[in-house]
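Numbering (full-length UniProt numbering), first residue to last: 1 to 243.
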């Protein structure tokens, strides 16, 4: 009898480990749909409504031109794209709803920013009693301080961090953004977009120099209060968009 094929042995004689199975885009879309539907029961109806509306427009244009079949073929991809757009937006909203109010939620939202910014994984200031946090980032707009907590409580943490930065970063702009739902704060779902809209004030070379100084300054080594782990709770935009 023919023997079953086994993995090729490695240099040490042990069989080679199998490569992880590649996740297909449609698996990611299905996962995003299931996750979002569990929190938003209106999702299928919204997707269907957008799909039908776009296809109906294509049919009307086709009837006017006398090319209904042709326009249906053209309209189908756009209808699917519209439905996927609805899924992406509702999935993003569901993710933010799930993590909002938990310690580290702002760091999770900032983790969706892929270019132009770098953020410390741990908070640079923590109030153990209230679980108020301050996270720090660096980009061309300057040094960014993002706080979690009521304005009257986090002000003390922010002021202390600003004094620390002013001693080693003279002349470097420090931008403060308070994340929350009170007046003057930026809601969690809008945090990433708000940060991305900040105007550049440093060159790339200056950003590199400031980064070296911040590394020399170091950061506190305290565990994040009980809540979400920002490294594991970032909304998966790639999965939402089906890419």
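For each residue, glycine too, the CB sits at the ideal point set by N, CA and C.
Using 8 Å for Cβ pairs, my map puts residue i next to residue j. What's the rounded Cβ distance?
i: residue 174; j: residue 126; result: Rounded, the Cβ-Cβ distance is 19 Å, inconsistent with contact.
i: residue 207; j: residue 139; result: 7 Å
i: residue 154; j: residue 132; result: 5 Å
i: residue 90; j: residue 46; result: 7 Å
i: residue 148; j: residue 108; result: Between residue 108 and residue 148 the Cβ distance is about 11 Å, and since that is not below 8 Å, they are no contact.
i: residue 151; j: residue 182; result: 6 Å
i: residue 55; j: residue 76; result: 7 Å
i: residue 134; j: residue 161; result: 6 Å
For residue i, collect the residues of the same chain with a Cβ closer than 8 Å to its Cβ; drop the 5 residues on either side in sequence, then sort them by chain order.
i: residue 37; result: 43, 44
i: residue 219; result: Confidence at residue 219 is low in this model, with a pLDDT of 47, below 50, so its placement is unreliable and no value can be given for it.
i: residue 74; result: 58
i: residue 199; result: 141
i: residue 186; result: 177, 178, 179, 180, 194
i: residue 216; result: 168
i: residue 66; result: none
i: residue 130; result: 149, 153
For residue i, does the three-state DSSP call read helix, strand or coil?
i: residue 178; result: strand
i: residue 40; result: coil
i: residue 90; result: helix
i: residue 222; result: In this prediction, residue 222 has a pLDDT of 41, which is less than 50 and means its spatial position is unreliable; what the coordinates show is noted afterwards. Three-state result, residue 222: coil.
i: residue 112; result: coil
i: residue 124; result: coil
i: residue 201; result: coil
i: residue 169; result: coil
i: residue 211; result: helix
i: residue 34; result: helix
i: residue 95; result: helix
i: residue 24; result: coil
i: residue 196; result: helix
i: residue 82; result: helix
i: residue 257; result: Because the chain spans 1 through 243 in this model, residue 257 falls outside it and cannot be assessed.
Between which residues of its own chain and residue i is the CB-CB distance below 7 Å, once the five residues before and five after are set aside?
i: residue 189; result: 93, 96
i: residue 236; result: Residue confidence for residue 236 is low, a pLDDT of 48 falling below 50, so the modelled location carries little weight and cannot support an answer.
i: residue 172; result: 142, 143, 210
i: residue 113; result: 192, 195, 196
i: residue 259; result: Outside the shown range of the chain, which is 1 to 243, sits residue 259, and nothing can be said about it.
i: residue 116; result: 139, 140
What residues are listed by DSSP as bridge partners for residue i?
i: residue 143; result: 138, 174
i: residue 132; result: 127
i: residue 148; result: 133, 179
i: residue 119; result: 137
i: residue 186; result: 179
Between which residues of its own chain and residue i is the CB-CB distance below 6 Å, once the five residues before and five after are set aside?
i: residue 244; result: It is not possible to answer for residue 244, since the shown part of the chain is limited to 1 through 243.
i: residue 83; result: 47, 50, 51
i: residue 201; result: 141, 142, 173
i: residue 203; result: none
i: residue 265; result: Here the chain comprises residues numbered 1 to 243, so residue 265 is not present and cannot be evaluated.
i: residue 71; result: 58, 61, 62
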